[in-house]
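Q: Residue numbers (this note's numbering), protein chains in the order written: chain A, 1498 to 1704; chain B, 1498 to 1704.
Virtual Cβ for every residue (Gly too), placed ideally from N, Cα, C.
2 protein chains.
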Amino acid sequence: MLSHYKAFASRRRDPATKREAVLQTAAHLFLEKSYSRTSMNDVAERLNITKPALYHYFRNKEEILLECYRLGTTLIEEILNDIASHCGTGLEKVEAFVYSYANVMTVNFGRCVMRLDEGDLSSDALADLRNYKRKIDRRLRSFIQEGIEDGSVAPCDAKIAAFCIAGAVNWICQWYEPEGALSAEEIATQFARTLTQGLARRPRKES
Amino acid sequence: MLSHYKAFASRRRDPATKREAVLQTAAHLFLEKSYSRTSMNDVAERLNITKPALYHYFRNKEEILLECYRLGTTLIEEILNDIASHCGTGLEKVEAFVYSYANVMTVNFGRCVMRLDEGDLSSDALADLRNYKRKIDRRLRSFIQEGIEDGSVAPCDAKIAAFCIAGAVNWICQWYEPEGALSAEEIATQFARTLTQGLARRPRKES
DNA sequence: CTGATATCTTACCCATGGGTAAGATAAATT
DNA sequence: AATTTATCTTACCCATGGGTAAGATATCAG
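Here it is as structure tokens:
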């Protein structure tokens, strides 16, 4: 956990890195204590400055939050595009999705997207975020549907299956600790395996 | 969605049903808007009374929240006990857990346990809740471990597998809508199947 | 070195919301 | 019917926290 208070050690004019320091610190606190329980004073204190100084870098508190969501959704967008170009069976796409998405859920801004309370957003931003989440869901569902059609996925309700998988990976941002015992890599690998192959031992062809 | 404002239509002394009306209304709002965004005024308004009247039935706002958690954890406790007595393979216990737990996550007070922000609790209550959540995790993990030992579950890291399954079922309370298209029954059934058997088509012995 | 400008601080405003004091009113009790 | 008592309301207190006004100070350009 880097400390970004050094960015404000001097009054040297360097808005870009100072803005970044504010953003990182705020995101960290939002994930730790939630957005609403993090006051602008809390953010300022961590950076060894006072509250009004923050308003040189962000118009208001929500603008910081929006930036967190923006960076997070960009990360997700990248993996979705990767997978779309990634040719293979529906099941392979689902597996790739789980693996990549699980990794994103262990990165700070990625965690923000699913961990922070969307209800803290203004109605416009909330509508946008909801649309984006629906888009992710549609994508995952289409991978599953593809799999059912090409025979790689067992027949099932794609909608429910998508919720099932999305839940497993989205929940990661609720319990994952960057300094914890489990690495993002091992989590992603086993999630991909468990969700596609199931918990039960397969009768033939052990992997 | 029942309206409980009728409970306060008359001043007849009936504290039990009035307290229940407050609790149900509050739980409903907590799930809809979150605890912190629900003011005591909001609760009172729904019941056609004024804020101070609420304090005849609950000492403070947090006492309402605690009651929500208490009722929810009781529901979970019941299913855990049922499964423990339910003899069978580890896999069968996991399957039973997923099925029952998914159902609980569609009931209002059950949803409260995993959907409401635990950070809104006082430190004592928070510690209790965290302990209880750890207990659930240990139980699920032990079912999986049992399965690995009796051969019904494929070898894997029980800790990660437990997080995977818990995530899928806990997430239900984030998207489930009581008046929605999907019934609790079909969700629970397919979740139990998908999480144990996996998304991939099984090579032999189709179910 | 000097003036201009970005940066940051002190002191404040005000809306929100949990909670309470004190009194009004209706229901139960006698 | 009178009185007690639970119930509920009006009016208020106060802590928290987002945001701003106005001024101080350090940095940079010339």
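Kindly confirm or deny that the stretch 1585-1599 of chain A and the stretch 1641-1655 of chain A touch, where touching means at least three C-beta pairs closer than 8 Å.
A: Touching, yes.
Q: Does B:Val1650 come out as helix, strand or coil in the three-state DSSP assignment?
A: Of the three classes helix, strand and coil, the one that applies to B:Val1650 here is strand, per DSSP.
Q: Using the Cα positions of B:Ala1518 and B:Tyr1502, report the straight-line distance between them to the nearest angstrom.
A: Those two C-alpha atoms are separated by around 7 Å.
Q: So A:Ser1649 contacts chain B; which residues on that side make the cut at Cβ distance below 7 Å?
A: Near A:Ser1649 (Cβ distances below 7 Å), the residues of chain B are Ala1697 and Arg1698.
Q: Given A:Leu1563, which residues of its chain have a CB within under 7 Å of its CB, disregarding the five upstream and five downstream residues?
A: Cβ within range, chain order: Ala1622.
Q: Would a C-beta distance cut-off of 8 Å place B:Ile1641 and B:Ala1658 closer than the cut-off?
A: Going by C-beta atoms, B:Ile1641 is nearer than 8 Å to B:Ala1658.
Q: Is B:Ala1518 helix, strand or coil when you go by DSSP?
A: Three-state result, B:Ala1518: helix.
Q: If you draw a straight line from the alpha carbon of B:Ile1573 to that of A:Lys1548, how long is it in whole angstroms?
A: Rounded to whole angstroms, B:Ile1573 to A:Lys1548 spans 44 Å at the Cα level.
Q: Just confirm the distance between the C-beta atoms of B:Gln1671 and A:Asp1654, as a whole number of angstroms; I'd bet it's less than 8 Å.
A: The Cβ separation is near 18 Å, so there is no contact.
Q: DSSP has B:Ala1697 in a bridge; who is on the other side?
A: Answer is A:Val1650.
Q: State the start and end residues of the unbroken alpha helix (DSSP H) segment that holds B:Pro1549.
A: Residues Lys1548 to Leu1551.
Q: Counting pairs of Cβ atoms below 8 Å between the stretch 1616-1631 of chain A and the stretch 1673-1685 of chain A, do you hit three or more?
A: No contact exists between the stretch 1616-1631 of chain A and the stretch 1673-1685 of chain A.
Q: Does chain A have any CB closer than 8 Å to the CB of B:Asp1614?
A: Judged by the 8 Å Cβ criterion, B:Asp1614 is in contact with chain A.
Q: So with CB distances below 8 Å, who are the chain B contacts of A:Asn1538?
A: What A:Asn1538 touches in chain B: nothing, since even the nearest Cβ is about 18 Å away.
Q: Does any residue of chain A have a CB that is nearer than 8 Å to the CB of B:Cys1609?
A: Closer than 8 Å: no.
Q: My assumption, with CB atoms under 8 Å, is that B:Ile1576 sits in contact with B:Leu1520. Please give the rounded CB distance.
A: Actually they do not touch by this definition, with Cβ atoms about 22 Å apart.
Q: Report buried or exposed for B:Gly1616, applying the criterion of at least 16 other Cβ atoms within 10 angstroms of its Cβ.
A: Exposed, because fewer than 16 other Cβ atoms sit within 10 Å of the Cβ of B:Gly1616.
Q: How big is the Cα-Cα spacing for A:Lys1558 and A:Leu1613?
A: About 14 Å.
Q: If B:Arg1516 and B:Tyr1554 are in contact, beta carbons under 8 Å, what's the gap, nearest whole angstrom?
A: 4 Å between Cβ atoms; contact.
Q: Between the Cα of A:Ser1597 and those of A:Asn1605, A:Cys1609, A:Asp1579 and A:Val1610, spot the shortest distance and give me the residue it belongs to.
A: Among A:Asn1605, A:Cys1609, A:Asp1579 and A:Val1610, the Cα nearest to that of A:Ser1597 belongs to A:Asp1579.
Q: Can you give me the Cβ contacts of A:Met1537 inside the same chain, cut-off strictly under 7 Å, excluding the 5 residues immediately before and after it?
A: Contacts found: Lys1548, Leu1551 and Lys1558.
Q: What residue from B:Val1540, B:Glu1592, B:Gly1607 and B:Asp1539 has the CA that sits closest to B:Thr1571's CA?
A: Taking only the C-alpha atoms, the option nearest B:Thr1571 is B:Gly1607.
Q: Figure out for me which residue from A:Leu1528, A:Arg1556, A:Ala1593 and A:Phe1505 has the closest Cα to the Cα of A:Val1604.
A: Minimum Cα distance to A:Val1604 is reached at A:Leu1528.
Q: Using a beta-carbon distance cut-off of less than 8 Å, what residues from the stretch 1509-1524 of chain A approach chain B?
A: Under the 8 Å Cβ criterion, the stretch 1509-1524 of chain A contributes no residue.
Q: Less than 8 Å between the CB atoms is what I'm expecting for B:Ile1669 and B:Ile1645, so what's the real figure, rounded?
A: About 26 Å; that fails the 8 Å criterion.
Q: State the DSSP-derived secondary structure class of B:Gly1616, mapped to helix, strand or coil.
A: Helix at B:Gly1616.
Q: I want to see whether chain B comes within less than 8 Å of A:Val1591, judged by CB atoms only; does it?
A: Yes - at least one Cβ of chain B is within 8 Å of the one on A:Val1591.
Q: Compare the C-beta of A:Asp1621 against all C-beta atoms of chain B and say whether one is closer than 8 Å.
A: Not one chain B Cβ lies under 8 Å of A:Asp1621.
Q: Against chain A, which members of the stretch 1632-1649 of chain B pass a CB distance test of less than 8 Å?
A: Listed by position along the chain: Ile1641, Gly1644, Gly1648 and Ser1649.
Q: State the start and end residues of the unbroken alpha helix (DSSP H) segment that holds A:Lys1656.
A: From DSSP, the alpha helix (DSSP H) with A:Lys1656 extends over Ala1655 to Asn1667.
Q: Looking only at its chain, what residues have a beta carbon closer than 8 Å to the beta carbon of A:Glu1703, apart from the 5 residues adjacent to it on each side?
A: Unreliable positioning characterises A:Glu1703 in this predicted model, as indicated by a pLDDT of 41, which lies under 50. The coordinate reading is nonetheless provided below. Cβ within range, chain order: n/a, list empty.
Q: Under 8 Å by Cβ, that's how I've got B:Leu1526 and B:Val1595 pegged, so tell me the actual separation to the nearest angstrom.
A: With a Cβ gap of about 29 Å, B:Leu1526 and B:Val1595 do not count as contacting.
Q: Report all residues from its chain with a CB closer than 7 Å to the CB of A:Tyr1532; omit the five preceding and five following residues, and keep chain order.
A: Excluding positions up to five away in sequence, the list reads Leu1562, Leu1613, Asp1614 and Asp1617.
Q: Determine whether the beta carbon atoms of A:Thr1514 and A:Val1540 lie at a separation below 8 Å.
A: No, they are not a contact pair.
Q: Please give me, in chain order, every unbroken run of the beta strand (DSSP E) with length at least 3 that falls completely inside the stretch 1552-1582 of chain A.
A: With a minimum length of 3 residues, no continuous beta strand (DSSP E) run stays inside the stretch 1552-1582 of chain A.
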